[in-house]
Amino acid sequence: MRLDGAMLYVKDLNAMKQFYGDMLGLKPTNQDWTDVWATFDTGNTRLALHAIPAEIAKSIEIASPPAQREKSPVKLIFEVKYVESERARLESLGIQMVRRPWQKIGEACDGIDPEGNIFQICSAGAEPLL
């Protein structure tokens, strides 16, 4: 069995599409349901964003800047060739990056998306440090 993709449910689909599109350097690939859905083909897997239904989304508050969702049950991990140069690129896009005490420089670094979800970039072959 192979993991084909991952989906995040999001409050602000447009902001999250822009964020992940800029971060990945990709445009959504889906042609249908673009008002509630966005899919990015990253090569080996697909990342999908799905809008939370409006009646539920209205009860969700996202702080500015967003509070880190440290207790979220999901953490997306993206493999990159060079962690430090990718970290610098993401920071230049205004993305908040966080180095955890257990993460070695050049091996892994966490980031925070506009809704507070934590993601990680790690070097090829490195064990993800959760």
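Numbering-wise, our numbering puts 128 at position 113 of the sequence shown, and it's gapless, one number per residue.
Glycine included, each C-beta is placed from N, C-alpha and C at the ideal position.
Taking 7 Å as the cut-off, the beta carbon of Arg61 is found no closer than this to the beta carbon of Gly36. Excluding five sequence positions before and after Thr49, the CB atoms of its chain that fall closer than 8 Å to its own CB belong to Pro43, given in chain order.
Taking 7 Å as the cut-off, the Cβ atoms of Ala82 and Gly131 count as close. At a Cβ-Cβ threshold of 7 Å, Asn45 and Thr57 do not count as neighbours. Around the C-beta of Met16, fewer than 16 other C-beta atoms lie within 10 Å, and the residue is accordingly described as exposed. Around the beta carbon of Gln33, fewer than 16 other beta carbons sit within 10 angstroms, so the residue counts as exposed.
Between the alpha carbons of Ile67 and Asn29 lies a gap of roughly 12 Å. Around the C-beta of Glu101, 16 or more other C-beta atoms lie within 10 Å, and the residue is accordingly described as buried.
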